[in-house]
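**Student:** Protein chains in written order, with this note's numbering: chain A, 314 to 452; chain E, 314 to 452. Cβ coordinates follow ideal geometry from the N, Cα and C atoms, glycine included.
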DNA sequence: ATGAGTCTTGAGACTTTTTATCAAATGAGG
DNA sequence: CCTCATTTGATAAAAAGTCTCAAGACTCAT
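#1: Reducing DSSP to helix, strand and coil, say where residue 415 of chain E ends up.
#2: Please classify residue 442 of chain A: is it buried, with 16 or more other beta-carbons within 10 angstroms of its beta-carbon, or exposed?
#3: Inspect the beta-carbon positions of residue 394 of chain A and residue 414 of chain A and report whether they are closer than 7 Å.
#4: Cβ closer than 9 Å: which chain A residues qualify as neighbours of residue 421 of chain E?
#5: Residue 353 of chain E and residue 370 of chain E: beta carbons closer than 7 Å?
#6: With DSSP collapsed to three states, give me the class of residue 447 of chain A.
#7: By a C-beta neighbour count over all protein chains shown, 10 Å radius and 16 as the cutoff for buried, is residue 364 of chain E buried or exposed?
#8: Where does the unbroken beta strand (DSSP E) through residue 391 of chain A begin, and where does it stop?
#9: The beta strand (DSSP E) spanning residue 379 of chain A covers which residue range?
#10: If contact means a Cβ-Cβ distance below 9 Å, which residues of the stretch 425-437 of chain E contact chain A?
#11: Residue 406 of chain A: which of A:418, A:385 and A:389 sits nearest, CA to CA?
#12: Could you check where the beta strand (DSSP E) with residue 339 of chain E kicks off and where it finishes?
#13: Let me check one thing: in DSSP terms, what residues is residue 398 of chain A bridge-paired to?
#14: Short of 8 Å in beta carbon distance, which residues of its chain neighbour residue 355 of chain E, apart from the five on each side in sequence? Order them along the chain.
#15: Using three-state DSSP, classify residue 407 of chain A as helix, strand or coil.
Structure, rendered in structure tokens:
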């Protein structure tokens, strides 16, 4: 139950938090902005405030339940943290997002950080391009 | 002369554009936000409008004179485009930015894009961490 | 269950960053 | 140096996100 996940994360289990967590777990979109989540909840008839959505997402991020990304447009999007770090391939036409993991790139990043004496805390790689479908549509 | 660079980029040579280009070329900071540039110009006694700074930076980006980045905080920063693509290593304490290029990572990115059928248009890799100096300061 | 007390919520005001509007100023070509 | 299209600057407005605070929801001990 999502109840337990919240408690494990050190967060009191409240209705808005449950709703948001459930939405992230069951939505067809894996990457959603605060606004997306807010609208999705209103659509289901759940009456949350936008401020709450922002607040809860930040708490989730701090608790490690969720990962925040800044895609090209500068807007924050959130995705469930399922343990495994991964990078993103994004279609600039339709917004499609593909997740991938490349062990060599991961290792190489550590090597680079070491080379400059940095203690690495986080890293993200975004590849932007045009997905197969959009290549056909726009010849 | 910067005059020529602007013309080559298809932009009429005007005072604000010249000032901004010169600043980017000669400033000690390679990565500046619109606000940074605005303040820097006011400091030298150049009387530009903030709106102009934003407008000109966007034009420069479109013309390929400048590259825009979205670092973790979600703020846009700009750097001169000197032809060579590169990635960034950033200190989360002091904001230091190191640029690097790793040919293997570059190639691997193409391979990944191909694997998913994407036509790659752009890519950026940000490694966040703590730089050598900041590691000493905060034991 | 119930009530005390703390934590959380929601509405709206406010910040910050960025874009749009439009009259006045500027630059390029003749 | 005059004309005309472009560009600029001030200001208003949009967009994204944060802050405040009274009212409401949870938890725990009873």
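**Tutor:** The answer reads as follows:
#1: coil
#2: buried
#3: no
#4: 415, 417, 418 and 421
#5: no
#6: helix
#7: exposed
#8: 389-393
#9: 379-383
#10: 425, 426, 428, 429, 430, 431, 432, 433, 434, 435, 436 and 437
#11: A:385
#12: Not the beta strand (DSSP E): residue 339 of chain E falls in the alpha helix (DSSP H), residues 328-339.
#13: DSSP lists no partner for residue 398 of chain A.
#14: 361
#15: coil
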